[in-house]
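In the numbering used here, the protein residues as written are 32 to 158.
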């Protein structure tokens, strides 16, 4: 997660903890019966839990969106690099093939010359 995401989560956790502490302290000092105070504390705790779940869902969705965005960019860069590599490899193969064809013809011609020279020498030795 990014620094911004960590900061947001920290701030969110701090706010929720502060709110919970404030609610509990407020209810403990309120002049009501214990049962009524416990009921209010439970209700507020459930409200805070619901808020936390809601905030978690929002943060989770944002993280998922950022992951998909970065993932898409990486895939795009991979595809681009892969295409460039293939083009370069194709050029190298073509260049090597062209060089091979060029020098193959020269090698065949030179070999024919050598064979002809050897045949002529052999014919010269027979006479």
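Glycine is no exception: its CB is placed at the ideal position from the N, C-alpha and C atoms.
Proximity below 8 Å, CB of residue i to CB of residue j
{"i": "residue 83", "j": "residue 47", "result": "yes"}
{"i": "residue 90", "j": "residue 39", "result": "yes"}
Inter-residue spacing [alpha-carbon to alpha-carbon] between residue i and residue j
{"i": "residue 52", "j": "residue 41", "result": "16 Å"}
{"i": "residue 50", "j": "residue 100", "result": "34 Å"}
{"i": "residue 115", "j": "residue 75", "result": "60 Å"}
{"i": "residue 93", "j": "residue 86", "result": "11 Å"}
{"i": "residue 129", "j": "residue 143", "result": "21 Å"}
{"i": "residue 108", "j": "residue 44", "result": "37 Å"}
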